[in-house]
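Here the structure is laid out as structure tokens; the discussion comes afterwards.
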């Protein structure tokens, strides 16, 4: 009798132990669901009676029934992320984006050392980014954008040679960009725009030689741009609009320039427009609005056959408008207003896609070219406050059939526009 008892006790112990071992990740998820408020569409099959959570909505497992992914994106999840998230030791993908999750990132998230992709973007998360996230050494993608995170960017966060994509934009982060940014040698995209970051852009950024996208706009960054940006040969998108950068543009891409977007508007950049920009044949948007640039607009701008936006207004540029600009046949916006440009208005008949032309507040003279609207795409034309003279082309309105706004005041023009 005693032998039978111990046989059944041993069998019961094995079954219970096996069941508990298989469902440890499930137990962690059930505990997590007490702080995360899941909608019925997700919660409907999260059952404590299941041996594993591998069939649960949003959950993915490996061959050993360990949870490796949790994707609850855009599922109307509310509540907060509990510390139980750190018990998912095999988790590789965590996507909770596009919900109404609030509260802090628990430091226990740093225990998920297998994590490769983390996306908590577009939620209501707040507080500081925990330094423990520096333990996620296998992560290649980190998305925390459009939350309400504050405080500084932890130095530890960027000490990861495998990170390829870092999206921290649209928060309230302050302090400087950590010098450890240079340790992300696999980095391809760094988005830190729309924060309150200050200080300089570290020279160590030049170590990120695989970087393609660098968005710094709408911060409080200052100082000179580092010359080491020249080392990032594959940089395609660089936007540092609305900061306080000073000095000249110290870097260059003389050969094999890959830039497609290059915008430094609303800073304190001085000096001349670099002539090497003529090598950037893939450039689509070039913007240096509201700086202290001087000198002439380089003729090499005319080599940019893919250019759609050329925005150089509110500087101290002088000399004539290069007629070579008419070679930029894809140009849609041309804004050169509020400079000291002189000479005549060039023939822009080749600019068949031009929608906006602003040459106001310069020292231009001569007459308005008769073919300024020859392709009938122009919607906005501003030649205000120049020294233009002669007659207004009699068929200006007829030619400019798409024109929505025409400003010619403060010139020496004669005639009517009808």
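Numbering (my numbering), first residue to last: 20 to 437. Even glycine gets a Cβ: it sits at the ideal position worked out from N, Cα and C.
Ranked by Cα distance from residue 55, the options 229, 70, 143 and 351 are led by 143.
When the Cα atoms are used, residue 289 and residue 305 turn out to be separated by approximately 16 Å. Rounded to whole angstroms, residue 431 and residue 407 show a C-alpha spacing of 6 Å. In this chain, the beta strand (DSSP E) harbouring residue 354 covers 352 to 354. Minimum Cα-Cα distance from residue 311 among the listed residues 433, 377 and 292 corresponds to 292. In this structure, DSSP gives residue 44 a helical state, which the three-state scheme calls helix.
Of the candidates 320, 340, 89 and 267, the residue whose Cα lies closest to the Cα of residue 114 is 89.
CA-to-CA, the gap between residue 347 and residue 383 works out to about 21 Å. Taking a contact as a CB-CB distance under 8 Å, the pair residue 177 and residue 159 does not count as one, their CB atoms being some 14 Å apart.
Around the C-beta of residue 417, fewer than 16 other C-beta atoms lie within 10 Å, and the residue is accordingly described as exposed. About 11 Å separates the Cβ atoms of residue 163 and residue 146, ruling out a contact at the 8 Å cut-off. Judged by beta-carbon spacing, residue 135 lies beyond the 8 Å limit of residue 118, meaning their Cβ atoms are not closer than that value. Leaving aside the five residues that flank residue 400 on each side, the residues in its chain whose CB is nearer than 6 Å to its CB run, in chain order, 376 and 425. Judged by their CB atoms, residue 219 and residue 234 are not nearer to each other than the 8 Å cut-off.
The C-beta of residue 358 has 16 or more other C-beta atoms within 10 Å across all chains shown, which makes the residue buried.
Beta-bridge partners of residue 406 (DSSP): 384. Counted as a single uninterrupted DSSP element, the stretch harbouring residue 251 is not any alpha helix (DSSP H), since DSSP gives it neither H nor E.
The beta carbon of residue 380 sits closer than 8 Å to those of 356, 357, 358, 403, 404 and 405, all from its chain and outside the five residues before and after it, given in chain order. For residue 78, the uninterrupted beta strand (DSSP E) segment begins and ends at 78 to 80. Put simply, of 49, 51, 70 and 140 the residue whose alpha carbon is nearest the alpha carbon of residue 93 is 140. For residue 337, the enclosing beta strand (DSSP E) starts and ends at 335 to 339. Residue 428 carries a coil assignment under DSSP once its states are collapsed to helix, strand and coil. Going by C-alpha positions, residue 385 is about 21 Å away from residue 332. Taken atom to atom, the span from the alpha-carbon of residue 59 to that of residue 137 is near 24 Å. Assigned with DSSP and collapsed to three states, residue 181 falls in coil, not helix or strand. If you look at residue 87, you'll find it in the beta strand (DSSP E) that goes 86 to 90.
Counting the other CB atoms within 10 Å of its CB gives residue 67 a total below 16, which places it among the exposed residues. Contact holds between the stretch 277 to 285 and the stretch 251 to 265, because three or more Cβ pairs, one in each stretch, are under 8 Å apart. Burial is judged here by how many other beta carbons sit within 10 angstroms of a residue's own beta carbon; residue 246 has fewer than 16 and is exposed. Excluding residues up to 5 positions away in sequence, 418 and 419 lie with their Cβ nearer than 6 Å to the Cβ of residue 392 in the same chain. Taking residue 412 as reference, the option from 183, 423 and 427 with the minimal CA-CA separation is 427.
According to the DSSP assignment, residue 83 belongs to no alpha helix (DSSP H), since it is labelled neither H nor E. CA-CA distance, residue 76 to residue 82, rounds to 18 Å.
The residues 386, 432, 433 and 434, in chain order, have a CB closer than 8 Å to that of residue 410 in the same chain once the five nearest residues on each side in sequence are set aside. Residue pairing of residue 288 in beta bridges, as defined by DSSP: 266.
The beta-carbon separation of residue 350 and residue 378, rounded to 13 Å, does not stay under the 8 Å limit for a contact.
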